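145 is the number of the first residue of the sequence shown in our numbering; add one for each residue after it. Everything below concerns the one structure shown next.
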Amino acid sequence: MQSSDRRNFWLLAFFAILILSVGIGLRDPWPSDEPRYTLAAKQMVESGDWLFPHRGVELYADKPPMLMWLEAASFEVVRSWRVAFILPSILAALGTLWCIYDLGQRLWNPRVGRYAAWGALMCIQFVFQAKRAQIDPLVVFFITAANWGLLRHLLCGPDWRLYWFGCFCAGLGVITKGVGFLAVLMLLPYVWTVLRRWNGIAAIDDGTWWRWLLGLVFLLLAIDLWLVPMLLAARAHAGDPVYAAYVHNILFKQTAHRYANAWHHLHGPFFYLPLMVYNWLPLSLTYPGTLPRWWQALKSKDARILLPLGWIVLVFLFFSASGGKRDVYILPIVPMLALITAPYLDEMLAKRWLRTLGVIFLLLIGGCMLGFGVYALATHPAFAARLAYERGFEGSADSLWWMCIVIGAAQWLALAIFRLRRVHYAVAGGMVALWLVWGLWAYPLLNASSSSAGLMDRVSAHLGPHDEIGLVDWKEQNMLMLDRHATDFGFSAPTSLQFVLGTQWQAAAPATRWLFVQEPAMGNCVERSKAINVGHANRRDWWLFKADAVIPNCVPKNSDETPEPEDAAS
145 MQSSDRRNFW LLAFFAILIL SVGIGLRDPW PSDEPRYTLA AKQMVESGDW LFPHRGVELY
205 ADKPPMLMWL EAASFEVVRS WRVAFILPSI LAALGTLWCI YDLGQRLWNP RVGRYAAWGA
265 LMCIQFVFQA KRAQIDPLVV FFITAANWGL LRHLLCGPDW RLYWFGCFCA GLGVITKGVG
325 FLAVLMLLPY VWTVLRRWNG IAAIDDGTWW RWLLGLVFLL LAIDLWLVPM LLAARAHAGD
385 PVYAAYVHNI LFKQTAHRYA NAWHHLHGPF FYLPLMVYNW LPLSLTYPGT LPRWWQALKS
445 KDARILLPLG WIVLVFLFFS ASGGKRDVYI LPIVPMLALI TAPYLDEMLA KRWLRTLGVI
505 FLLLIGGCML GFGVYALATH PAFAARLAYE RGFEGSADSL WWMCIVIGAA QWLALAIFRL
565 RRVHYAVAGG MVALWLVWGL WAYPLLNASS SSAGLMDRVS AHLGPHDEIG LVDWKEQNML
625 MLDRHATDFG FSAPTSLQFV LGTQWQAAAP ATRWLFVQEP AMGNCVERSK AINVGHANRR
685 DWWLFKADAV IPNCVPKNSD ETPEPEDAAS
């Protein structure tokens with residue numbers, strides 16, 4: 145690597161670390177998803193049971209435990225949940241960027257490698273998810289690492305160790321979110337290139353067929369790192385139906401059944417098409433130029449384009465075939481999309497059409513943010529007060545609108561500095577400014593309301609040092625942000641049952657036991673005049689009361705609700 149390439153690589157690394165990590169330590173886990181995974185990780189550390197994640201007293205079977213393991217392990221290192229909960233996502237995103245950088249420089253040259261990493265880093269959804277402690281950044285990394293190993297073998301090889309490594313990473317992706325196996329679909333377009341004698345594929349000896357099968361062995365080996373100990377431990381609890389239900393849920397209901405018969409997030413077959421445009425801005429601005437260039441590459445039998453592009457199409461079709469769809473499901477496509485966009489960026493950036501699209505993008509995003517912020521400050525519209533109430537926001541709403549103004553002004557300032565000729569620098573500068581403001585301004589501003597830290601601080605203020613608290617119809621952030629141990633009566637159990645169990649528990653020590661309850665779960669069984677309304681947070685009203693507020697022998701009749709599906713906002 146030449147000195148200029150090395151310097152540019154470290155410049156890329158600096159901005160990647162800055163964008164992804166800015167704001168770390170300034171917020172707690174926010175719904176949806178983040179509090180449940182961090183709560184499970186916290187319970188792992190406290191209980192020592194790392195095989196079976198818990199959500200309160202219940203086993204949590206909606207997702208494999210990989211992310212929870214990594215959050216718990218991160219806490220054991222840094223001893224701060226504010227850092228530990230987000231650390232796996234940041235490291236996973238950095239690993240993803242390195243994989244496509246390395247592929248770009250090996251398949252083309254270091255400049256293409258940098259363009260590939262910058263392309264992903266300029267994708268709004270990629271960075272937004274990387275700054276969230278959800279499973280998606282981790283599964284994107286394992287799938288991309290698997291693709292890295294497979295493409296190094298298929299296009300730069302043969303290198304059987306990297307092929308087996310790729311299959312092993314695909315297995316790790318399976319025990320992260322189930323869909324890690326999608327990486328091995330890369331072998332399908334590879335078979336096509338071999339049969340059609342395409343250019344750029346590695347010359348692999350036909351007599352080594354058994355080595356291909358070892359890939360399946362390594363994939364299963366990675367899965368078995370979790371599956372075998374989990375099944376053995378569940379078998380040791382053979383007399384407890386809870387563990388049998390856990391095994392069935394996580395191995396069948398949350399995988400094949402969820403894919404074939406989705407019960408939530410139902411959308412039509414074309415749901416992802418518009419998302420691939422506006423969620424992946426500004427990377428998606430290149431589509432008018434890349435589509436014809438990919439077609440020319442396919443006509444010239446360039447396997448470097450066909451393998452990633454064919455894989456993208458297969459993954460897109462896989463997720464489109466299921467009725468259940470969320471925008472993050474197709475996020476693993478982004479790194480491969482950035483990789484096959486990068487070879488043409490130099491040429492496209494010299495074209496006026498792409499630079500014009502960049503100008504329009506900055507004008508629109510800057511104008512919308514500026515206009516929205518100025519309008520809200522000047523008129524104080526009703527929707528602003530309603531938004532602040534629904535989200536339990538406790539600060540001055542004006543600070544939110546000033547934040548919008550700063551983000552919008554930064555986009556226009558970047559455009560004024562770099563102008564049309566170097567608009568790609570303006571786009572990059574605008575994105576850097578966006579994430580700096582988001583991490584340094586929005587995190588501390590919104591944390592108390594979004595994480596329920598403010599709500600749970602108010603709850604703690606009513607409790608004495610020896611008081612106990614029970615949770616009914618609760619959310620993960622409530623238990624996570626409490627300053628003491630909480631008793632719960634199930635999470636997915638009917639709320640009427642939770643209420644009955646909670647009041648029975650409370651009656652055993654009425655002087656020191658409080659119940660924290662979401663308002664619908666109380667029904668008409670609590671005298672509001674004797675209870676404490678502790679506030680509105682996460683779009684819900686919450687109450688705190690002792691046993692004297694409970695109407696004897698009353699069971700709420702309007703409180704049973706269908707549990708919110710996994711991944712729903714909470």
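Yeah, the Cβ is synthetic: ideal placement off N, Cα and C, and Gly gets one too. As the structure is a prediction and not an experimental result, all values here were calculated from the model.
Nearest candidate by alpha-carbon position, reference residue i, set the options
{"i": "MET266", "options": "SER444, LEU589, ILE456, LEU164", "result": "LEU164"}
{"i": "ASP303", "options": "GLN146, HIS606, SER444, THR352", "result": "THR352"}
{"i": "LEU498", "options": "GLY433, ARG258, LEU544, VAL457", "result": "GLY433"}
{"i": "ILE549", "options": "GLY200, PHE516, TYR569", "result": "PHE516"}
{"i": "LYS619", "options": "GLN146, TRP174, ILE161", "result": "TRP174"}
{"i": "ASN697", "options": "LEU306, LEU599, MET666, LEU688", "result": "MET666"}
{"i": "VAL472", "options": "ILE279, LEU235, ARG180, GLN440", "result": "ILE279"}
{"i": "VAL391", "options": "PRO197, THR240, ASN682", "result": "PRO197"}
{"i": "HIS524", "options": "CYS512, MET212, LEU544, LEU507", "result": "LEU544"}
{"i": "LEU475", "options": "ALA520, ALA605, VAL284", "result": "VAL284"}
{"i": "ILE287", "options": "ILE244, GLN249, PRO638, ASN253", "result": "ILE244"}
{"i": "TYR403", "options": "PHE527, SER464, SER176, ALA637", "result": "SER464"}
{"i": "SER673", "options": "ASP692, ALA655, ARG684", "result": "ASP692"}
{"i": "ARG470", "options": "PHE414, LEU493, ASP611", "result": "PHE414"}
{"i": "ASN291", "options": "MET374, CYS669, CYS311, ALA274", "result": "CYS311"}
Outcome for residue i when other beta-carbon atoms lying within 10 angstroms are tallied against a minimum of 16
{"i": "TYR204", "result": "buried"}
{"i": "GLU178", "result": "buried"}
{"i": "ARG296", "result": "buried"}
{"i": "VAL678", "result": "buried"}
{"i": "SER640", "result": "buried"}
{"i": "ARG151", "result": "exposed"}
{"i": "VAL661", "result": "buried"}
{"i": "ASP490", "result": "exposed"}
{"i": "TYR416", "result": "buried"}
{"i": "LYS321", "result": "buried"}
{"i": "ALA713", "result": "The pLDDT assigned to ALA713 is 40, lower than 50, so where the model puts this residue is not dependable, and the model offers no usable value."}
{"i": "LYS207", "result": "buried"}
{"i": "GLY412", "result": "exposed"}
{"i": "VAL335", "result": "exposed"}
{"i": "TRP582", "result": "buried"}
{"i": "SER703", "result": "The predicted model places SER703 with a pLDDT of 49, which falls under 50 and marks its position as unreliable; any figure quoted below should be read in that light. Counting Cβ neighbours within 10 Å, SER703 comes out buried, since at least 16 surround it."}
{"i": "LEU451", "result": "buried"}
{"i": "VAL699", "result": "exposed"}
{"i": "PHE689", "result": "buried"}
{"i": "TRP579", "result": "buried"}
{"i": "PRO254", "result": "buried"}
8 Å contact criterion, which residue i and residue j should meet: CB distance rounded
{"i": "GLY293", "j": "PHE309", "result": "4 Å"}
{"i": "PHE158", "j": "ARG258", "result": "Not confirmed; about 12 Å, so no contact."}
{"i": "ALA597", "j": "ALA577", "result": "So it is not a contact: roughly 27 Å between Cβ atoms."}
{"i": "SER595", "j": "GLN555", "result": "Not really, about 28 Å apart at Cβ, beyond 8 Å."}
{"i": "ALA261", "j": "ALA327", "result": "The Cβ separation is near 19 Å, so there is no contact."}
{"i": "GLY169", "j": "VAL221", "result": "With a Cβ gap of about 14 Å, GLY169 and VAL221 do not count as contacting."}
{"i": "VAL571", "j": "GLY502", "result": "5 Å"}
{"i": "VAL478", "j": "LEU329", "result": "The Cβ separation is near 16 Å, so there is no contact."}
{"i": "ILE319", "j": "TRP242", "result": "About 22 Å; that fails the 8 Å criterion."}
{"i": "TRP687", "j": "GLU663", "result": "6 Å"}
{"i": "MET212", "j": "ALA184", "result": "5 Å"}
{"i": "LEU419", "j": "ILE456", "result": "About 14 Å; that fails the 8 Å criterion."}
{"i": "ILE509", "j": "HIS606", "result": "Their Cβ separation, rounded to whole angstroms, is 44 Å, which puts ILE509 and HIS606 out of contact at 8 Å."}
Beta-carbon proximity check, residue i vs residue j, cutoff 8 Å
{"i": "GLY315", "j": "ALA366", "result": "yes"}
{"i": "HIS408", "j": "GLY317", "result": "no"}
{"i": "ILE794", "j": "TRP438", "result": "Outside the shown range of the chain (145 to 714) lies residue 794, about which nothing can therefore be said."}
{"i": "VAL694", "j": "THR631", "result": "no"}
{"i": "GLY454", "j": "PRO333", "result": "yes"}
{"i": "LEU299", "j": "ILE345", "result": "yes"}
{"i": "LEU615", "j": "MET623", "result": "yes"}
{"i": "GLY167", "j": "LEU584", "result": "yes"}
{"i": "ASN423", "j": "GLN187", "result": "no"}
{"i": "SER233", "j": "ARG276", "result": "yes"}
{"i": "PHE635", "j": "GLU202", "result": "yes"}
{"i": "ALA486", "j": "VAL189", "result": "no"}
{"i": "TRP354", "j": "ALA447", "result": "no"}
{"i": "PRO466", "j": "ALA382", "result": "First, the residue type needs correcting, since residue 466 is Ser and not Pro in the sequence shown. Their beta carbons are not under 8 Å apart, which means SER466 does not touch ALA382 by this criterion."}
{"i": "ALA681", "j": "LEU599", "result": "yes"}
{"i": "THR656", "j": "ASP617", "result": "no"}
Complete alpha helix (DSSP H) runs within the stretch 647 to 688 (minimum length 4 residues, chain order): For the stretch 647 to 688, whole alpha helix (DSSP H) runs of length 4 or above, ordered along the chain, are 663 to 666.
Where are the alpha helix (DSSP H) runs, 4 residues long or more, that stay fully inside the stretch 419 to 459, in chain order? Complete alpha helix (DSSP H) runs here, min 4: 431 to 443.
Suppose only complete runs of 3+ residues qualify. What are the beta strand (DSSP E) ranges in the stretch 584 to 631, listed by chain order? Those beta strand (DSSP E) runs which fall completely within the stretch 584 to 631 and span 3+ residues are 612 to 616.
Quick one: complete alpha helix (DSSP H) runs, 4+ long, within the stretch 534 to 572? Correct list: 541 to 562.
Minimum length 4: unbroken alpha helix (DSSP H) runs contained in the stretch 309 to 393: Runs found: 331 to 340, 353 to 380, 385 to 392.
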